[in-house]
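Under the working numbering, read the sequence shown as residues -15 to 79, first letter to last. Note that the Cβ used here is the ideal one computed from N, Cα and C, for glycine as well. Note that the coordinates shown come from a computational prediction; the quantities given were computed from them, not determined experimentally. Please read the structure below before turning to the comments.
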Amino acid sequence: MDPLLIVIVVILVVVIGYILSRPFDNLPEAPIAPSQESDRLQAYQNMLDEIKSLQRERNSGGDIEAIEKQINAKKQEAADLLRQINPSLDNESNS
């Protein structure tokens, strides 16, 4: 083959390869599937219900320190779930 033709073909292959690889350079973050998001929302609501139940139990008496530790742990879990549901909340709180 003619050397000029080889150079042109190599350049075309490199350019086409670069153009085709562009979509893979900066992949957007995969959105959460609706079913996963609704499951997380349901888990968050359940966590809030557990916190309210523990608060009622604390107000009615019982081992206040142990219940308070459980409430704080549940609040932390609920905050983690909320950050998973809406990651922008975590960015706002760090600002």
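Straight-line spacing of the CA atoms in K58 and I35 works out to 6 Å. Here L(-12) is exposed, its C-beta having fewer than 16 other C-beta atoms within 10 Å. An exposed status is given to L(-4), since fewer than 16 other beta-carbon atoms sit within 10 Å of its beta-carbon.
Cβ atoms of E52 and R42 come within 8 Å of each other, at about 7 Å. Under the three-state reduction of DSSP output, N56 falls in the helix class. Per the C-alpha coordinates, the member of Y28, L38, Q39, G45 positioned closest to D64 is Y28. Pairing L25 with E61, the inter-Cα distance amounts to about 13 Å.
With 16 or more other Cβ atoms from the protein chains shown falling within 10 Å of its own Cβ, L38 counts as buried. Distances from the CA of L32 to each of Q54, Y2, D(-14), I(-10) were compared; the closest alpha carbon is that of Q54.
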